[in-house]
DNA sequence: CCATCAAGTAACCGTTTAGTTACCGGCTTG
DNA sequence: CAAGCCGGTAACTAAACGGTTACTTGATGG
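Chains as they are written, first to last, in the numbering used here: chain A, 1 to 225; chain B, 226 to 450.
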């Protein structure tokens, strides 16, 4: 868009900075930009996020942002990738196969709900990315196999439950995961419009706990024989 | 932002329009702007939507947009209100109380799913509005009672089912509706990231039909005795 | 102890954006 | 039947935006 050629040499000498320079720390600056970007993109979406705002939140300036991440779009993709790595990593530590099939599924449902509850920025980022039809996520190569582990482990738990006669034969791993994620995602990401139109504060602890139980109840009721 | 004072009289005379003037039709222009705005806001969110793009899509210009709707924010709120009126109006025509309790709930689940499927712009608008924590919806007074009818009718159907002994006593109308909406909303609004990470095209008709059955199955399984 | 390179700053640039103004002309009505 | 209101056009503006450039400063290895 801006080729930058043809105006070199026009600049006048600028007033040099005489202020005290803060300690240098590339890693810290990089991390600060990433965290600030996560918040800015989560709060305002891709179209609404402001590069200046990210730099200011990170306590640095735009130059460093472009230095470390290329441009706004690449920074956004990095933020999104990190968000996915976060949930999938925590998920692996669960080891849902170590318990009985019923407890394993219940554990996954509880974990997912609580992770969503504690990471609202992850939900926002998903919403933003889907608004754009996964335009940036599709460009990410490193994420393809990150998710297969989940389905694999879930599939094993379901098979074991079927053999033990506690789960119905038609239970599908992807459907089970989508059910769990649906119930958590919708309640939290749409809490603002829902609370407004139904006149009930969904984020109130009592309602939150009721919905947590509800998710586990619905998930298990849908696959139990 | 722009007080408009202090530069009057500076303008030169402009070249008057000599082109043929199109037929005048205030209602059509207004409706065209509203429809164009619905698409633009749904595709790009509040931050990403461009006023120029809306005007162009509507086959008119910005002046008319500001003339009829005030500014970008008021236009957005109008779009959102119309979207809610659309689904709630269609919902009323269902009369879920006319059938058996089980059929009534199944009918509501099917309707909601199919409405979401046919109105992706409604889902996008909800996502956008929630990103901004219902900032604009909260300002809308006329929508408060639009939704109470739904819960009222659903509540009656559930009560009848409980008396007949087919539904569990703990079944809650809001929870039932949120369950139905969750399963439809998440699957469709997040279809792009989900299809990407799980390597399965969720919008394919076979998958769509399977999920439709799944929603009805899950909803009923969660409330049946 | 100095040459060099990465970290950092802030002004700057071209473009885009929401919103406005000057002007036009068909239709209605007193 | 004229006068003025209302639907409509396009050029305009100030500010904001993403991105770049000119330049400074600290650390470090030969």
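Just so you know, even glycine gets a beta-carbon here, dropped at the ideal spot from N, CA and C.
Among B/419, B/418, B/401 and B/421, which has the Cα closest to the Cα of residue 187 of chain A?
B/401
I'd like to know whether the C-beta atoms of residue 348 of chain B and residue 304 of chain B end up nearer to each other than 8 Å.
no
Using three-state DSSP, classify residue 369 of chain B as helix, strand or coil.
coil
Measure the C-alpha to C-alpha separation of residue 32 of chain A and residue 57 of chain A and round it to an integer number of angstroms.
8 Å
Can you list, in chain order, the residues of its chain with a C-beta nearer than 8 Å to that of residue 387 of chain B? Leave out the 5 residues immediately preceding and following it.
Within the same chain, residue 387 of chain B has close Cβ partners 393, 394 and 396.
Just to confirm my understanding: we take residue 146 of chain A, look at its own chain, exclude 5 residues before and 5 after, and list those with CB closer than 8 Å. What are they?
84, 85 and 88
Buried or exposed for residue 274 of chain B, going by 16 or more other Cβ atoms inside 10 Å?
buried
What residues match up with residue 392 of chain B in a beta bridge as DSSP calls it?
B/449
Quick check: the Cα distance between residue 352 of chain B and residue 340 of chain B, rounded to an integer number of angstroms?
16 Å
8 Å is my cut-off, CB to CB: does residue 147 of chain A come that close to chain B?
It does: the Cβ of residue 147 of chain A has a partner Cβ on chain B nearer than 8 Å.
Which full runs of the beta strand (DSSP E) of 3+ residues lie inside the stretch 114-141 of chain A, going along the chain?
none
Along the stretch 170-198 of chain A, what residues have a CB closer than 7 Å to any CB found in chain B?
174, 175, 178, 179, 181, 182, 183, 185, 186, 187, 189, 190, 192, 193, 196, 197 and 198
Suppose the cutoff is 6 Å on Cβ atoms and the five residues either side in sequence are ignored; what does the same chain contact list for residue 426 of chain B look like?
420
Since residue 218 of chain A and residue 443 of chain B should fall inside the 8 Å C-beta cutoff, what is the C-beta to C-beta distance between them, to a whole number of angstroms?
Rounded, the Cβ-Cβ distance is 6 Å, consistent with contact.
Between which residues of its own chain and residue 174 of chain A is the CB-CB distance below 7 Å, once the five residues before and five after are set aside?
151
Say whether chain B places a C-beta atom closer than 8 Å to the C-beta of residue 58 of chain A.
For residue 58 of chain A, the answer is no, since every Cβ of chain B falls outside 8 Å of its Cβ.
Using a 10 Å radius around the Cβ and a threshold of 16 neighbouring Cβ atoms, would you call residue 389 of chain B buried or exposed?
exposed
Less than 7 Å between C-beta atoms, sequence neighbours within five positions excluded: which residues of the same chain meet that for residue 354 of chain B?
305, 361 and 362
Looking at the secondary structure, which residues open and close the alpha helix (DSSP H) in which residue 53 of chain A lies?
It spans 51-57 - the alpha helix (DSSP H) in which residue 53 of chain A sits, taken as one unbroken run.
With a threshold of 8 Å between beta carbons, is residue 157 of chain A in contact with chain B?
no
Would you mind working out which of A/131, A/52 and A/95 sits nearest residue 40 of chain A, comparing C-alpha positions?
A/52
Classify residue 428 of chain B as helix, strand or coil using the three-state DSSP reduction.
coil
In chain B, what lies closer than 8 Å to residue 151 of chain A by C-beta?
423
Which residue marks the beginning of the alpha helix (DSSP H) containing residue 269 of chain B, and which one marks its end?
251-273
Can you tell me whether residue 188 of chain A is helix, strand or coil according to DSSP?
helix
At a Cβ threshold of 8 Å, is residue 325 of chain B touching chain A?
no
Who are the Cβ neighbours of residue 75 of chain A in its own chain at under 6 Å, not counting the five residues just before and after it?
37 and 69
How would you list, in chain order, the residues of chain A whose beta-carbon sits under 7 Å from the beta-carbon of residue 441 of chain B?
Going along chain A, no residue has its Cβ under 7 Å from residue 441 of chain B, so there is no contact; the nearest lies around 11 Å.
So which of B/409, B/422, B/253 and B/449 has the shortest CA-CA distance to residue 342 of chain B?
B/409
If you draw a straight line from the C-alpha of residue 436 of chain B to the C-alpha of residue 30 of chain A, how long is it?
42 Å
Any C-beta of chain A sitting closer than 8 Å to the C-beta of residue 260 of chain B?
Cβ-Cβ to chain A under 8 Å: no for residue 260 of chain B.
Between A/72, A/27, A/140 and A/215, which lies nearest to residue 180 of chain A when the distance is taken from Cα to Cα?
A/215
Identify the contact partners of residue 302 of chain B in chain A, using a Cβ-Cβ distance below 9 Å as the criterion.
In chain order: nothing, as chain A lies at least about 13 Å away.
Report the rounded CA-to-CA distance for residue 90 of chain A versus residue 35 of chain A, giving the unit in angstroms.
19 Å
Any residues in the stretch 124-136 of chain A with a beta carbon nearer than 9 Å to a beta carbon of chain B? Which ones, in chain order?
124, 126, 127, 128, 129, 130, 131, 132, 133, 134 and 135
Can you tell me the Cβ-Cβ gap for residue 272 of chain B and residue 47 of chain A, rounded? I've got them flagged as a contact below 8 Å.
Between residue 47 of chain A and residue 272 of chain B the Cβ distance is about 4 Å, and since that is below 8 Å, they are a contact.
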